[in-house]
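Residue numbers for the sequence shown follow the numbering used here, beginning at 1 and rising by one.
Scroll down for the structure; my scribbles are underneath it.
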Amino acid sequence: MLVQPFFPTISELGEASLMVFGGKFTHAILKKAKAGDFRVQDDFGGTVHDYNPTQEEIKFAEKVFQSCTSLPIYGRVDIVWDSNKHIYLSELEIIEPELWIRNRPESANKIAEAVNKIL
1 MLVQPFFPTI SELGEASLMV FGGKFTHAIL KKAKAGDFRV QDDFGGTVHD YNPTQEEIKF
61 AEKVFQSCTS LPIYGRVDIV WDSNKHIYLS ELEIIEPELW IRNRPESANK IAEAVNKIL
């Protein structure tokens, strides 16, 4: 079980997912909750949108990966923001992440390149 603080801003700002392949940012999406809810997952009425992260957000996601003992080949860094727009790690998904490749099909080549480097 994971217990983490609730960020009320998730209802308004949503949660960003930044995909990192081979230690480098590739693409991002923004998950937004339906009106009156905080759950961003589409199972609960949330929606998914293309997202252009800031350089600060990209550096944050790449730094999260670099902090791992062994660099994951690929994964997803989910972030949320507090009321002052400070970035917080919500989740690092490296076991079986939804990588939102359907939203950015060209990113499939980048994951293939990352896998090929270790073969």
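For each residue, glycine too, the CB sits at the ideal point set by N, CA and C.
Note that the structure is predicted; figures quoted are calculated from it, not measured.
Requested in this report: Tell me D50's beta-bridge partners as DSSP assigns them.
Outcome: The residue given as residue 50 occupies position 50 in the sequence shown. Residue pairing by DSSP places D50 opposite I29 in a beta bridge.
Report task. Starting from the Cα of L89, find the closest Cα among N116, F25, N52 and V64 and give me that residue. Result -> Counted from its first residue, the sequence shown places residue 89 at position 89. Among N116, F25, N52 and V64, the Cα nearest to that of L89 belongs to V64.
Requested in this report: Would you identify the three-state DSSP class for G78, choosing helix, strand or coil?
Outcome: Taking the first residue of the sequence shown as position 1, residue 78 is located at position 78. For clarity, residue 78 is Asp in the given sequence; the question names Gly instead. D78: strand per DSSP, three-state reduction.
**Report entry** Cβ pair count under 8 Å reaching 3, the region 43 to 60 against the region 23 to 31
**Finding:** Three or more Cβ pairs drawn from the region 43 to 60 and the region 23 to 31 lie within less than 8 Å of each other, which places the two stretches in contact.
Query raised in the report: Taking 7 Å as the cut-off, does the CB of Q66 come closer than this to any heavy atom belonging to the ligand FMN?
Result: Among the components of this structure there are no ligands whatsoever, and the ligand FMN is therefore not found.
Requested in this report: Note the first and the last residue of the continuous beta strand (DSSP E) segment covering V20.
Outcome: As a position in the sequence shown, residue 20 is number 20, starting the count at 1. V20 -> beta strand (DSSP E) spans E15 to F21.
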